[in-house]
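What follows is a set of notes on a single structure, which appears directly below.
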Amino acid sequence: SEGALYAPELAAAAFKQAAGDTLEAAFLLRAYRSSVSRIGASEIVDTERMRVVRRVSAAFKDIPEGQILGATPDYTHHLIRFELLTDEAEARDRVTQAFEALTQEGEPIADTFPKVVHMLRAEGLLPQKKPGSAQPYDITLQSFEFPAPRSARLQALARAETGCILALAYANMRGHGHVHPVIGELRLGEVPVYFKSSEGKEADLLGWVRVTECEVITRMEKSKTDSRPQFTLGYGLCFGHNETKAISMAVLDRALMSKDPKSPTEDQEFVLLHTDGIEASGFCLHYKLPHYVTFQTDLEQIRTVRTEKETING
């Protein structure tokens, strides 16, 4: 997500070239992305058509079509498994056979799953989804203007450095803000991407993209239609498998809706302009480049002032 480009093989090459430095790898991907010609925009991605790999809800125990835990360290002991230091073919075969036995015994998974938040919308406990604008804000072509539209905020958060938005979301949840989230639904899976080359022509399937999606249910507000209380919703979606980022993004999405920000975590300009890891690291690391001229000026000034004070003091 930080590289703003879905290209797993290129990302692996960038990570290898950067010797494990994720910020440098993201920088390489951004640089490559800027060199690729833009031929158009895909159709709106429908996450309800996701081929789900993992799907959980912290708000409800029983949800339509059930919860799918998938591969996760959430329910394991966080201890190093030293047997992983030896990569033996026999051990891999045992794992493969156990997995195949489980898939053969279990019931087939549904192709698609309904959204958990639909249940709350059906009861009027969440605002109805508003139709989106035909042309979303594109932060790669337009500079930020504040207050920024939600499409711009979500794009910036999706490209933001995971650690940055985790820290701000954590600060908000600890009291430097007013978001106390409950995860309505967290999904991991592949979504289809369609592209229409010309008007009147049927859209073509370009492929499937792995994403992590999170919808958090937060504090109550009065409904704009009948003044009855409703929950509010925060949303996060990013490339790949990154549940920490998706949850943090959803928390900050809700926090940035505040009409009267009282904390830096609710301030759009503070959050969106300081969470881009590439910009932040670039500004930080430029200080290790030569600054001889400016520092020599500072040296001359301080030496002159010290000499003048010594002369005055006799």
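Quick note: the sequence shown uses my numbering, first residue 319, plus one each step. We treat Cβ as the ideally placed atom computed from N, Cα and C, and that holds for glycine.
Whole-angstrom C-beta distance between residue j and residue i, which should lie under 8 Å
{"i": "P641", "j": "A568", "result": "Only positions 319 to 632 of the chain appear in the structure, and residue 641 is not among them; the question remains open."}
{"i": "R505", "j": "R373", "result": "5 Å"}
{"i": "L591", "j": "A466", "result": "About 10 Å separates the two Cβ atoms, so there is no contact after all."}
{"i": "P432", "j": "E383", "result": "7 Å"}
{"i": "L328", "j": "L347", "result": "6 Å"}
{"i": "L603", "j": "R471", "result": "The pair is not a contact, with the Cβ atoms about 27 Å apart (cut-off 8 Å)."}
{"i": "T430", "j": "E517", "result": "About 28 Å; that fails the 8 Å criterion."}
Counted within 10 angstroms of its Cβ, other Cβ atoms place residue i as buried (16 or more) or exposed
{"i": "C482", "result": "buried"}
{"i": "V457", "result": "Just to set this straight, residue 457 is Ile in the shown sequence, not Val. Buried: at least 16 other Cβ atoms inside 10 Å."}
{"i": "Q335", "result": "exposed"}
{"i": "D544", "result": "exposed"}
{"i": "F473", "result": "With the sequence shown as reference, residue 473 is identified as Gln, and Phe is not the correct amino acid for it. Counting Cβ neighbours within 10 Å, Q473 comes out buried, since at least 16 surround it."}
{"i": "Q586", "result": "buried"}
{"i": "F557", "result": "buried"}
{"i": "Q453", "result": "exposed"}
{"i": "Q460", "result": "exposed"}
{"i": "R546", "result": "exposed"}
{"i": "I596", "result": "buried"}
{"i": "A487", "result": "buried"}
{"i": "G338", "result": "exposed"}
{"i": "E628", "result": "exposed"}
{"i": "G554", "result": "buried"}
{"i": "N490", "result": "buried"}
Close-in-space but distant-in-sequence residues of the same chain around residue i (CB under 7 Å, 5 per side omitted)
{"i": "G525", "result": "V511"}
{"i": "T550", "result": "T536, R537, E539, R572"}
{"i": "F464", "result": "Q586, E587"}
{"i": "Q446", "result": "R439"}
{"i": "V435", "result": "L444, G502, E503, E533, L551"}
{"i": "R477", "result": "S319, E320, A322, D594"}
{"i": "L484", "result": "T562, S566"}
{"i": "Q385", "result": "R373, V374, S375"}
{"i": "A330", "result": "none"}
{"i": "T480", "result": "N560, T562, K563"}
{"i": "S469", "result": "P454, Y455"}
{"i": "H396", "result": "none"}
Residue i and residue j closer than 7 Å at C-beta
{"i": "V370", "j": "V509", "result": "no"}
{"i": "T530", "j": "E561", "result": "yes"}
{"i": "A343", "j": "F333", "result": "yes"}
{"i": "L387", "j": "L475", "result": "no"}
Cβ neighbours of residue i in the same chain (closer than 8 Å, five flanking residues each side left out)
{"i": "D522", "result": "Y512, F513, K514, S515"}
{"i": "G600", "result": "F345"}
{"i": "Q548", "result": "G442, L443, L444, P445, M538, E539, K540, S541"}
{"i": "Q619", "result": "none"}
{"i": "E401", "result": "A409"}
Neighbourhood of residue i by C-beta distance below 6 Å, restricted to the same chain and skipping five residues each side
{"i": "G507", "result": "M368, R369, V370, V371"}
{"i": "I427", "result": "none"}
{"i": "I381", "result": "S375, V434"}
{"i": "S576", "result": "E584"}
Meets three-Cβ-pair contact criterion under 8 Å: the stretch 352-363 and the stretch 406-415
no
For the stretch 342-354 against the stretch 375-383, do three or more pairs of beta-carbon atoms, one drawn from each stretch, fall closer than 8 Å, so that the two count as touching?
no
Can at least three beta-carbon pairs, one atom from the stretch 527-537 and one from the stretch 561-575, be found at a separation below 8 Å?
yes
Are the stretch 484-503 and the stretch 574-583 touching by the rule of at least three beta carbon pairs closer than 8 Å?
Yes: at least three Cβ pairs fall under 8 Å.
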